[in-house]
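Participant: First to last, the sequence lines map onto chains A and B.
Note that this note's numbering has the first sequence beginning at 1198, numbered continuously upward.
Note that this note's numbering has the second sequence beginning at 298, numbered continuously upward.
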Amino acid sequence: MKELKFKPKSRLWEFLGEKFIAVNAFVALIAIILIFIFIFKEAVPILTDPEIQEEVTLEKMVFKQEFYEGRDAKWSWQPNSEVPKYSLFALFIGTLKAAIIAMFFAVPLGIGAAIYSSEFAGKRIREIIKPVIELLAGIPSVVLGFFALIILATFLQNLFGLTFRLNALNAGIALGIAIIPIIFTVAEDAMTSVPRSLREAATALGANQWQVSLTVVLPAALPGISAGVVLGFGRAIGETMIVLMASGNAAIISANFLDSVRTFSATIAAELAEVVFGSGHYSVLFFIGSLLFAFTFIINFSGDILLTRIKSKFQGKMN
Amino acid sequence: MIDAGQIAGNGLDFKPKIQGNIPRGLTLLAVIIIIMILTIILGNIVYNGVGTINWEFLSHPPENGMESGGIFPAIFGTVFLVILMVIAVIPVGVFTAIYLHEYTSPVSRLTRLIRVAINNLAGVPSIVFGLFGLGFFIAFIGGGLDSIFYKSEGPVWGQPAIIWASLTLALLTLPVVIISTEEAIRTIPRELIEASYALGGTKLQTIFRIIIPQALPGILTGSILAVSRGAGEVAPIMFTGAAYYLPYLPSKLNDQFMEMGYHIFVMATQSPDIEATKPILYGTVLVLLILTFMLNFIAIYLRSGMRRRRASLQ
Chain A
1198 MKELKFKPKS RLWEFLGEKF IAVNAFVALI AIILIFIFIF KEAVPILTDP EIQEEVTLEK
1258 MVFKQEFYEG RDAKWSWQPN SEVPKYSLFA LFIGTLKAAI IAMFFAVPLG IGAAIYSSEF
1318 AGKRIREIIK PVIELLAGIP SVVLGFFALI ILATFLQNLF GLTFRLNALN AGIALGIAII
1378 PIIFTVAEDA MTSVPRSLRE AATALGANQW QVSLTVVLPA ALPGISAGVV LGFGRAIGET
1438 MIVLMASGNA AIISANFLDS VRTFSATIAA ELAEVVFGSG HYSVLFFIGS LLFAFTFIIN
1498 FSGDILLTRI KSKFQGKMN
Chain B
298 MIDAGQIAGN GLDFKPKIQG NIPRGLTLLA VIIIIMILTI ILGNIVYNGV GTINWEFLSH
358 PPENGMESGG IFPAIFGTVF LVILMVIAVI PVGVFTAIYL HEYTSPVSRL TRLIRVAINN
418 LAGVPSIVFG LFGLGFFIAF IGGGLDSIFY KSEGPVWGQP AIIWASLTLA LLTLPVVIIS
478 TEEAIRTIPR ELIEASYALG GTKLQTIFRI IIPQALPGIL TGSILAVSRG AGEVAPIMFT
538 GAAYYLPYLP SKLNDQFMEM GYHIFVMATQ SPDIEATKPI LYGTVLVLLI LTFMLNFIAI
598 YLRSGMRRRR ASLQ
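#1: Report buried or exposed for B:MET591, applying the criterion of at least 16 other Cβ atoms within 10 angstroms of its Cβ.
#2: Closest to B:SER493 by CA distance: which of B:GLN511, B:ILE330, B:SER423 and B:ILE476 is it?
#3: Once you ignore the five residues that flank A:PRO1420 on each side, which residues in its own chain have a CB closer than 6 angstroms to its CB?
#4: Any heavy atom of the ligand HEM closer than 6 angstroms to the beta-carbon of A:MET1258?
#5: What residues in the segment 1210-1233 of chain A have a beta carbon less than 7 angstroms from any beta carbon of chain B?
#6: Do A:THR1493 and B:GLY420 have their CB atoms nearer than 7 angstroms?
#7: Give the range of the alpha helix (DSSP H) segment to which B:ALA414 is assigned.
#8: Could you pull out every residue in the same chain whose Cβ sits closer than 7 angstroms to the Cβ of B:LEU517, ignoring the five residues on either side in sequence?
#9: So if DSSP puts A:GLY1182 in a beta bridge, which residue, or which two residues, is it bridged to?
#10: With a threshold of 6 angstroms on Cβ separation, who are the neighbours of A:ALA1399 within its own chain once the five nearest residues in sequence on each side are excluded?
#11: So with CB distances below 7 angstroms, who are the chain A contacts of B:LEU501?
#12: At a CB-CB cut-off below 7 angstroms, which residues of chain B make contact with A:PHE1490?
#13: Can you find a C-beta in chain B that's less than 7 angstroms from the C-beta of A:VAL1280?
#14: Can at least three beta-carbon pairs, one atom from the segment 1349-1367 of chain A and one from the segment 1442-1458 of chain A, be found at a separation below 8 angstroms?
#15: Can you name, in chain order, every residue of its own chain whose Cβ lies under 8 angstroms from the Cβ of B:ILE299, other than the five neighbours on each side?
#16: For A:VAL1413, which three-state DSSP category applies?
#17: What residues in the segment 588-603 of chain B have a beta carbon less than 7 angstroms from any beta carbon of chain A?
#18: So, is A:ASN1277 buried or exposed, given that buried needs 16 or more other C-beta atoms within 10 angstroms?
#19: So if I threshold CB-CB distances at 8 angstroms, which residues from the segment 470-495 of chain B count as touching chain A?
#20: Please return the same chain residues whose Cβ sits closer than 8 angstroms to the Cβ of A:ILE1230, not counting the five positions on each side in sequence.
#21: Select from A:ILE1290, A:MET1442 and A:LEU1488 the residue whose C-alpha is nearest the C-alpha of A:LEU1255.
#22: Could you tell me whether the segment 1473-1483 of chain A touches the segment 1235-1252 of chain A, using the rule of 3 or more Cβ pairs below 8 angstroms?
#23: I'd like the span of the alpha helix (DSSP H) that includes A:LYS1327, first residue to last.
#24: If you measure beta-carbon to beta-carbon, which residues of the segment 378-393 of chain B are closer than 9 angstroms to chain A?
#25: Would a C-beta distance cut-off of 7 angstroms place A:GLY1291 and A:LEU1363 closer than the cut-off?
#26: Could you give the distance in angstroms between the alpha-carbon of B:GLY580 and the alpha-carbon of B:GLY348?
#27: Go to A:GLN1262, then tell me how far its alpha helix (DSSP H) extends in each direction, as first and last residue.
#28: Compute the Euclidean distance between the alpha carbons of A:ILE1297 and B:GLY322, then round it to the nearest angstrom.
#29: Quick one: list the residues of chain A neighbouring B:SER525, beta-carbon separation under 7 angstroms, in chain order.
#30: Measuring CA to CA, which of B:GLU480, B:LEU326 and B:GLY366 is closest to A:PHE1317?
#31: Hey, how far is the Cα of B:ILE490 from the Cα of B:PHE505?
#32: Pick out whichever of B:LEU381, B:GLN456 and B:THR408 has its Cα sitting closest to the Cα of A:LEU1226.
#33: Would B:ILE304 be called buried (16 or more neighbouring beta carbons within 10 Å of its own) or exposed?
#34: Please say whether A:SER1338 and A:ILE1439 have beta carbons closer to each other than 7 angstroms?
#35: Could you tell me whether the segment 560-568 of chain B touches the segment 387-404 of chain B, where touching means 3 or more Cβ pairs closer than 8 angstroms?
#36: Under 8 angstroms: do the segment 1377-1385 of chain A and the segment 1346-1357 of chain A share three or more Cβ pairs, one atom per stretch?
In structure tokens form, the structure reads like this:
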């Protein structure tokens, strides 16, 4: 009992202690504000600095440009060529292509496995699925990038008889593997949190197990499942190492999923090390960073809203 | 005969037509494919990497342009990096969780704002952390220090360094620590905390003698998960301190360092002769995987113990 004998301590310590703890609690908030400021700050010269605007403007990044006289206007990303070309549209297409392939790969697998785990699996099988997903989530993205670069690329090359090993499909599949865990986890959470009373009511009305899942559990858990998909998409857009290693990094605009792509994140990773501090190119890379930051901010916010909705819905119904 | 489902009407008309077998089979297939993917990835890496790993590989620096020798400097750099990261992230994460639980009401505007910030921090792409580390830690803080204290010399702090890389990673892993500490605080019986107050304990005394000791498994889980995440991240450290090759080990906070993830990236993408570096590459990947998985297993084990305790409380 000696240890739990509290001596009255000075109020000053309590006061300082509280302030110290409060300061720590503000770190996350301050960090997100600082990230916002320091990423956008370096991107602003594109809009304000006349010297940089000669090289690159918002218009040049978005619309087709006639880079050489007499040639067709086009979108092109070649920041180091004699006439620097900063078409973000080319990168946007690349980012979207890789992310879409990733979604096509990961959504059916992630949600399918979540449905099985929550609706059909017995306790023992669930105890296999959960660690498998955690292991998958624990693989560092550089290892997945390595896997796609060395093994998956060769496999796909032989399968489709491709000339170039690295392409959108290769990067997309590896990205998909990376986002399966997040889709699975969020979707499974949503389905298992559907109140038992709903299931029991449906069963009492004569539904079999699958009908309960399809007509009651899935619709009820839909906001949560969508949250998983949305968050997975956000992660696919922002993921860097996998696309950097596996996509081939050529900014080709085409509808062909077997062409190489260059994504926003990979462009920053590949070019930031060689760029001149404060140059137009430097600003453009931070502008891309701002886009990624703003985009993931929106994605997380929508995910939050969906998850809050499902939470309040179920808690409301249970009472 | 009246079908029970028809009573429900509007869309809930259950006809026992579709049997559960097809959907069950399809979703089971998804599970099997996921397990296969994991098996192929791990199997391939273990099969190709296990032959490379021996004591010499773990204890020697790379030789011949990374085509032979070991990865000791990369292991050393990774450990050094995550130790610095943990020193920075644990107190901040733990105190944030405590503040949210003990000092503010969960519905207050401030608490909600901090929670939104934590959620968003968890979602910021790792490459953006890298940009931030470069713009804030290196250019702003480091450059600022240099212009005040080291005017005549070249850059001392305003350059890529292990301290900046570890602080960048600390921000990236902060949400992980906060979330698992919070989970642990929730498992502490409220009576225990109230008993402390009833005995005249002040808030600080309660925090340091009851809450932190009781939440220790959760804090440990969070730290381990943070380390496992931090050890595998490459994008945030590419511009903030990781080096391709260094002839010496980092010994000061403003040294650059070699790191396993970055080592893998460089060897896989920039090696002139990929076939020659392959054994070392596979060996490095295997070491990194073993490290992160071991950490994850310990974390999962600790957390499941905590969840059991929580379940037994309810």
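Virtual Cβ for every residue (Gly too), placed ideally from N, Cα, C.
Facilitator: By the coordinates alone:
#1: The residue in question, B:MET591, is exposed, as its Cβ has fewer than 16 Cβ neighbours within 10 Å.
#2: Check the Cα spacing between B:SER493 and each of B:GLN511, B:ILE330, B:SER423 and B:ILE476: the tightest is with B:GLN511.
#3: Only LEU1503, ARG1506 and ILE1507 meet the Cβ criterion.
#4: Ligands displayed in this structure: none; no statement on the ligand HEM is therefore possible.
#5: Flagged, chain order: TRP1210, GLU1211, GLY1214, GLU1215, ILE1218, ALA1219, ASN1221, ALA1222, VAL1224, ALA1225, LEU1226, ALA1228, ILE1229, LEU1231 and ILE1232.
#6: Contact flag set, yes.
#7: That run of the alpha helix (DSSP H) goes 406-420.
#8: Sequence-distant Cβ neighbours of B:LEU517 in its own chain, meaning closer than 7 angstroms and more than five residues away, are LEU599.
#9: The requested residue 1182 of chain A does not occur in the structure, where chain A is confined to residues 1198 to 1516.
#10: So the list reads VAL1409 and VAL1413, once near-sequence residues are dropped.
#11: Scanning chain A for C-beta atoms nearer than 7 angstroms to the C-beta of B:LEU501 yields TRP1210, GLU1211 and GLY1214, reported in chain order.
#12: Going along chain B in sequence order, the residues near A:PHE1490 (Cβ under 7 angstroms) are VAL421 and VAL425.
#13: Cβ-Cβ to chain B under 7 angstroms: no for A:VAL1280.
#14: The segment 1349-1367 of chain A, when compared against the segment 1442-1458 of chain A, does touch it at the 8 angstroms Cβ threshold.
#15: A caution first: B:ILE299 carries a pLDDT of 44, below 50, which makes its placement in the model unreliable, though a value can still be read off. Setting aside the 5 residues that flank it on each side, B:ILE299 has no residue in the same chain whose C-beta is closer than 8 angstroms to its C-beta.
#16: A:VAL1413 falls in the helix class under three-state DSSP.
#17: Here the close residues are THR589, PHE590, ASN593 and ILE597.
#18: Flag for A:ASN1277 reads exposed.
#19: Sequence-ordered contacts of the segment 470-495 of chain B with chain A read LEU471, PRO472, ILE475 and SER493 [C-beta pairs closer than 8 angstroms].
#20: If we look at A:ILE1230 and ignore the five residues flanking it on each side, it has no Cβ neighbours.
#21: Nearest in C-alpha terms to A:LEU1255, of all of A:ILE1290, A:MET1442 and A:LEU1488, is A:LEU1488.
#22: These segments touch.
#23: Note, A:LYS1327: alpha helix (DSSP H), 1320-1335.
#24: Listed by position along the chain: PRO388, VAL389, GLY390, VAL391, PHE392 and THR393.
#25: Result no, Cβ atoms of A:GLY1291 and A:LEU1363 do not sit closer than 7 angstroms.
#26: B:GLY580 and B:GLY348: Cα-Cα distance of roughly 8 angstroms.
#27: No alpha helix (DSSP H) holds A:GLN1262; DSSP gives it neither H nor E.
#28: A:ILE1297 and B:GLY322 have their alpha carbons spaced roughly 26 angstroms apart.
#29: Residues of chain A passing the Cβ test: GLY1335.
#30: Taking only the C-alpha atoms, the option nearest A:PHE1317 is B:LEU326.
#31: Going by C-alpha positions, B:ILE490 is about 11 angstroms away from B:PHE505.
#32: When only C-alpha atoms are compared, the closest one is B:THR408.
#33: The pLDDT assigned to B:ILE304 is 44, lower than 50, so where the model puts this residue is not dependable, and the model offers no usable value.
#34: Yes, these two residues count as a Cβ contact at 7 angstroms.
#35: These segments do not touch.
#36: Taking 8 angstroms as the limit for Cβ pairs, the verdict is that the segment 1346-1357 of chain A does not touch the segment 1377-1385 of chain A.
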